[in-house]
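Novice:
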Amino acid sequence: MNLAKQHTSRYAITVTLILSILIAALVFGLIVLLRPDEAAHEDAEFKRDLLSIAGIYDANKPIDEQFKQVTIKLVDLDAGRFTEKFENVEVFDQRAASKNPELSDPVAAEDDIAKLIRREKYAKVFLVNDKNGLSKVILPVRGYGLESIMSGFIALDKDLNTIVGFGFYEQFETPGLGGEVDSPAWKALWIGKKIYSATGEVKIDVIKGHVDNQAVDAEYKVDGLAGATLTSNGVRNLLKFWMGDTGFKPFLANLKNGDA
Ligand SMILES: Cc1cc2nc3c(=O)[nH]c(=O)nc-3n(C[C@H](O)[C@H](O)[C@H](O)COP(=O)(O)O)c2cc1C
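Written as C-alpha cells, this is what we have:
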C-alpha cells in the first residue's frame, strides 16, 4: 500500500469512529431526555383511562386537576382492609406484584375462574370524593378472555353495588369479535347494573343473547357479545372472581360498614 492510500484509509476509519461515537452519544442523550416524557405520558394515559372508564373524564380539563378528586389507596385483599404496607402507593406496581412470589399467592384451581394462576395480596383502589364525601369506588379487575388477559376497571356508585362504569384499558381479543368489549354501545349496557343480590352473592352475569328488560332480575344481566361467547364468559368470570370473596367483596363489605 502506498503512503497516500494508507492516509486515506486511516482518515476514513477515524471519521467513521468519530461519527459512530457521536451518533451513539446522540441516541443515548435522546433516550435519557425522552424517558421522563414517556413516564409522564404513561401516567397521563393511565389517569385518562381510569377516569374515562369511570365515566368522569372531561377532555376540556387538565388531567392532573381532574385527578385531584381521586385518592389512591392500597387494600390488603385477604383482610379486606386498607393497608399502609407500602409508603408510596402511587408507584406500587400491582401487575408486577401479581408475579412476585412474596407479594402474591397461587389461586386454587377451583377458584381460578379468571385464569390468573396467582393473585396479588394487595390491590390499588381509587376513591372518588365530591363535596358530600365518597361518591365512587374504582377497582382494578382482570382475567382471561379467549386469547388474552383483559385488564380494566369497574366503577361503583357510593352504594358499593351499582355499576357506574366498566371497561378495559388493555385486551388482545379478536377485533370485531371479543374485541367488541371496547365498543361504547356494549360498555353502556353495564351502567346501572347491580353486582350483589340482597343476600350479598355476586349476581351480575353476562348472558347469551339479549336481556329482557322487563324480567325481574334484568338489573343483574348484560347481553353477551354476538359471536364472542367465550370472551363474554371471560368477562363474567373475571367479575365473579374480583367481586367475590377471592377479590374485593370482603373490602367492600368492610367499607360499607365504615370498617375498612
Ligand atoms: C379467527 C377467530 C377468532 C375468534 N376470536 C374470538 C374472540 O375474540 N372471542 C370469542 O369469544 N370468540 C372468538 N371466536 C369465535 C369462537 O371460536 C366461538 O365460536 C365463539 O366464541 C362462540 O360464540 P357464539 O356462540 O356467540 O357464536 C373466534 C373465531 C375465530 C375463527
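Per the numbering used here, the very first residue in the sequence shown carries number 23; after that it's consecutive.
By construction, the Cβ of each residue, glycine as well, lies at the ideal position given by its N, Cα and C atoms.
#1: Any chance you could list the residues with Cβ under 6 angstroms from a heavy atom of ligand 1, keeping chain order?
#2: Go through its chain and collect everything with a Cβ distance to residue 138's Cβ below 6 angstroms, but skip five positions before and after it.
#3: Please look up how many angstroms separate the CB atoms of residue 113 and residue 146, rounded, as I've assumed it's under 8 angstroms.
#4: DSSP beta-bridge partners for residue 98?
#5: Measuring alpha carbon to alpha carbon, tell me which of 183, 67 and 189 ends up nearest residue 173.
#6: Among 152, 169, 180 and 170, whose alpha-carbon lies nearest the alpha-carbon of residue 161?
#7: Which same chain residues, not among the five before or five after residue 144, have their C-beta less than 8 angstroms away from its C-beta?
#8: For a test of the three-state rule: what should DSSP assign to residue 211, helix, strand or coil?
#9: Taking 8 angstroms as the threshold, find out whether the stretch 225-232 comes into contact with the stretch 240-257 through three or more Cβ pairs.
#10: Would you mind stating whether residue 85 and residue 177 have Cβ atoms separated by less than 8 angstroms?
#11: For residue 33, count neighbouring C-beta atoms within 10 Å of its own C-beta (all shown protein chains included) and say buried if the count is 16 or more, exposed if not.
#12: Please report the residue range of the alpha helix (DSSP H) in which residue 256 lies.
#13: Which first and last residues belong to the alpha helix (DSSP H) in which residue 278 is found?
#14: Going by alpha carbons, who is nearest to residue 142 out of 135, 121 and 155?
#15: Per DSSP, which one or two residues make a beta bridge with residue 192?
#16: With C-beta atoms as the reference, is residue 273 less than 8 angstroms away from residue 102?
#17: Quickly, what does DSSP pair residue 216 with across the bridge? List them, please.
#18: In the DSSP assignment, find the alpha helix (DSSP H) that holds residue 86 and state where it starts and stops.
#19: How would you call residue 87, buried or exposed, if buried means at least 16 neighbouring beta carbons within 10 angstroms?
#20: Look at the alpha carbon of residue 66 and the alpha carbon of residue 92, and state the distance between them as a whole number of angstroms.
#21: Where does the unbroken alpha helix (DSSP H) through residue 119 begin, and where does it stop?
#22: Can you tell me the Cβ-Cβ gap for residue 212 and residue 171, rounded? I've got them flagged as a contact below 8 angstroms.
Specialist: Working from what's here:
#1: Environment of ligand 1, chain-ordered: 168, 169, 195, 196, 199, 200, 248, 249, 250, 251, 252 and 253, taking every residue with Cβ within less than 6 angstroms of a heavy atom.
#2: These residues qualify, in order along the chain: 129.
#3: About 10 angstroms separates the CB atoms of residue 113 and residue 146; that is not less than 8 angstroms, and the two are not in contact.
#4: Residue 98 pairs with 103 and 144.
#5: When each option's Cα is compared against that of residue 173, the closest is 189.
#6: Checking every option, the nearest Cα to that of residue 161 belongs to 180.
#7: Taken in chain order, the residues that qualify are 96, 97, 98, 99, 105, 107, 108, 114, 116, 119 and 125.
#8: Three-state DSSP puts residue 211 in coil, outside helix and strand.
#9: The answer is yes - the stretch 240-257 touches the stretch 225-232, with three or more Cβ pairs under 8 angstroms.
#10: Judged by beta-carbon spacing, residue 177 lies beyond the 8 angstroms limit of residue 85, meaning their Cβ atoms are not closer than that value.
#11: Sixteen is the threshold: since fewer than 16 other Cβ atoms of the shown chains lie within 10 Å of the Cβ of residue 33, the residue is exposed.
#12: Run containing residue 256: 251-265, per the alpha helix (DSSP H) assignment.
#13: Note, residue 278: alpha helix (DSSP H), 271-278.
#14: Of the candidates 135, 121 and 155, the one whose C-alpha sits nearest the C-alpha of residue 142 is 121.
#15: DSSP lists 173 as partners of residue 192.
#16: Yes, they are a contact pair.
#17: 184.
#18: Run containing residue 86: 85-88, per the alpha helix (DSSP H) assignment.
#19: That one is exposed.
#20: In a straight line, the C-alpha of residue 66 is about 14 angstroms away from that of residue 92.
#21: Run containing residue 119: 116-119, per the alpha helix (DSSP H) assignment.
#22: That pair is no contact at about 20 angstroms.
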